[in-house]
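What follows is a short report on a single structure.
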Amino acid sequence: ELTRDLRSTYGMYVPEEYRTYPLSFADPVFEKIFRAEQGFDIVANFSAHKHVRSEKDKYSVQALLENNVLKARKLLDLLSEFPPRHFFCVSTDKAANPVNIMGASKKIMEEMIMAYSSRFKISTARFANVAFSNGSLLAGFIGRLMKRQPLSSPNDVKRYFVSPDESGQICMLACILGQNREIFFPKLGAEQMMTFSSIADRFLHSLGYEVKQCASEEEARRFAAEMPVDSKVYPVYYFASDTTGEKGFEEFYVKGEKINPERFGSLGVIEDLEARRMEELDTFLERLQAVL
1 ELTRDLRSTY GMYVPEEYRT YPLSFADPVF EKIFRAEQGF DIVANFSAHK
51 HVRSEKDKYS VQALLENNVL KARKLLDLLS EFPPRHFFCV STDKAANPVN
101 IMGASKKIME EMIMAYSSRF KISTARFANV AFSNGSLLAG FIGRLMKRQP
151 LSSPNDVKRY FVSPDESGQI CMLACILGQN REIFFPKLGA EQMMTFSSIA
201 DRFLHSLGYE VKQCASEEEA RRFAAEMPVD SKVYPVYYFA SDTTGEKGFE
251 EFYVKGEKIN PERFGSLGVI EDLEARRMEE LDTFLERLQA VL
């Protein structure tokens, strides 16, 4: 789908030597490719468990920690054989003052990659929610609409959002302009946070629907099942969130981090992050591995 998208986009330059492989960076096949090519100039890692609901039980927590931390460490060790000019990976706003395992895993990831900053240049970005990205609640709205199912979301959780294009631009700028041991983040004010329910309302209004707020999921499902095909009224069910580990608000940096808000117009930068000693990292990861 990536290839189709690139070739279908007007003005998009696709180089003659363009290769894609359906594999994980943790696969042995990737190691073969990496060593055969003797490394790459830029390595960007976008692989992550990024949703709080990814920690629903002990098995999903183990998968989350292995992917976000242990496999990422294995990648860094592999890159050390042929150091890239720049390594970039995606973090999350939830790494700032984490209140859940997913956010804590990304905070560990941030500190882990900085331990390798003496081997190659490293930068990352703390993202806001990417609106309508795959697997997101907002993308689910489209799926619900296609299936004529009610929209459902919390009405008391506020989040920052960026568009898919903006998320790509943040990554590109961090890769090109980021210095060693820096974290980029979007400069967004508290007034720009939105609830999922308000976005659901705007989404339906943009499609010409009137919103029908239901008092329960059952009422919303019944309304959806009985509404005419040409109905211009669409059912929604909004509720107070009861998901553990969800922050009521979002933040991109914490006290003690060196913030430069002036370097770019729409982006802030956390500069000169501390690089932990490799021995300290080894001890921690050995203990983590032992309990998984």
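So for the sequence shown, full-length UniProt numbering puts the first residue at 1; every next one is plus one.
Even for Gly, the Cβ is constructed at its ideal location relative to N, Cα and C.
Starting from residue i and walking both ways along the beta strand (DSSP E), at which residues does that stretch end?
i   : result
A44 : I42 to N45
DSSP beta-bridge partners for residue i?
i    : result
F87  : V43 and I122
K258 : E271
For residue i and residue j, I'd like the C-alpha separation in whole angstroms.
i    : j    : result
Q169 : F40  : 21 angstroms
K32  : E280 : 30 angstroms
S91  : P150 : 32 angstroms
E250 : K158 : 8 angstroms
L285 : L23  : 25 angstroms
P186 : P228 : 43 angstroms
E257 : C214 : 44 angstroms
G103 : G208 : 37 angstroms
V162 : I108 : 24 angstroms
Y13  : M193 : 35 angstroms
V254 : I183 : 12 angstroms
A48  : N134 : 13 angstroms
E274 : V61  : 27 angstroms
I113 : D230 : 53 angstroms
D156 : A240 : 6 angstroms
V236 : D242 : 18 angstroms
A190 : A96  : 16 angstroms
S260 : G268 : The amino acid occupying residue 260 in the given sequence is Asn; Ser does not appear at that position. Their Cα atoms are separated by approximately 6 angstroms.
D57  : R7   : 41 angstroms
H51  : S136 : 8 angstroms
F120 : L173 : 18 angstroms
T283 : D5   : 44 angstroms
V291 : Y160 : 34 angstroms
F264 : F223 : 49 angstroms
P84  : G143 : 40 angstroms
E110 : Q289 : 18 angstroms
Got a sec, what are the start and stop residues for the alpha helix (DSSP H) residue i sits in?
i    : result
Y238 : Here Y238 belongs to no alpha helix (DSSP H); instead the beta strand (DSSP E) covers V233 to F239.
P22  : Taken as a continuous stretch (DSSP letters only), P22 belongs to no alpha helix (DSSP H), as it is neither H nor E.
S60  : K58 to L65
A72  : K71 to L79
Q38  : Careful: Q38 lies outside any alpha helix (DSSP H) and carries neither H nor E.
L285 : M278 to V291
S266 : From DSSP, S266 is part of no alpha helix (DSSP H); its letter is neither H nor E.
D242 : Taken as a continuous stretch (DSSP letters only), D242 belongs to no alpha helix (DSSP H), as it is neither H nor E.
D5   : L2 to S8
Which whole-angstrom value describes the C-beta separation of residue i and residue j, a residue pair presumed to lie in contact below a C-beta threshold of 8 angstroms?
i    : j    : result
M139 : F132 : Reading off the sequence shown, one finds Ala at residue 139, where the question assumed Met. Correct: roughly 5 angstroms between the Cβ atoms.
V233 : K212 : 5 angstroms
L79  : V43  : 6 angstroms
F82  : F141 : Not confirmed; about 44 angstroms, so no contact.
E101 : E55  : For the sequence presented, residue 101 should be read as Ile rather than Glu. Their Cβ separation, rounded to whole angstroms, is 4 angstroms, which keeps I101 and E55 in contact under 8 angstroms.
N68  : K106 : 6 angstroms
F196 : S167 : Their Cβ separation, rounded to whole angstroms, is 18 angstroms, which puts F196 and S167 out of contact at 8 angstroms.
F272 : R181 : Reading off the sequence, residue 272 comes out as Asp, not Phe. With a Cβ gap of about 6 angstroms, D272 and R181 count as contacting.
### Query
Could you give the uninterrupted runs of the alpha helix (DSSP H) lying entirely in the stretch 95–158, keeping only those of 4 residues or more?
101–114 and 137–146
### Task
Taking only runs that begin and end inside the stretch 151–218, name each unbroken alpha helix (DSSP H) of 4 or more residues, in chain order.
164–177 and 196–206
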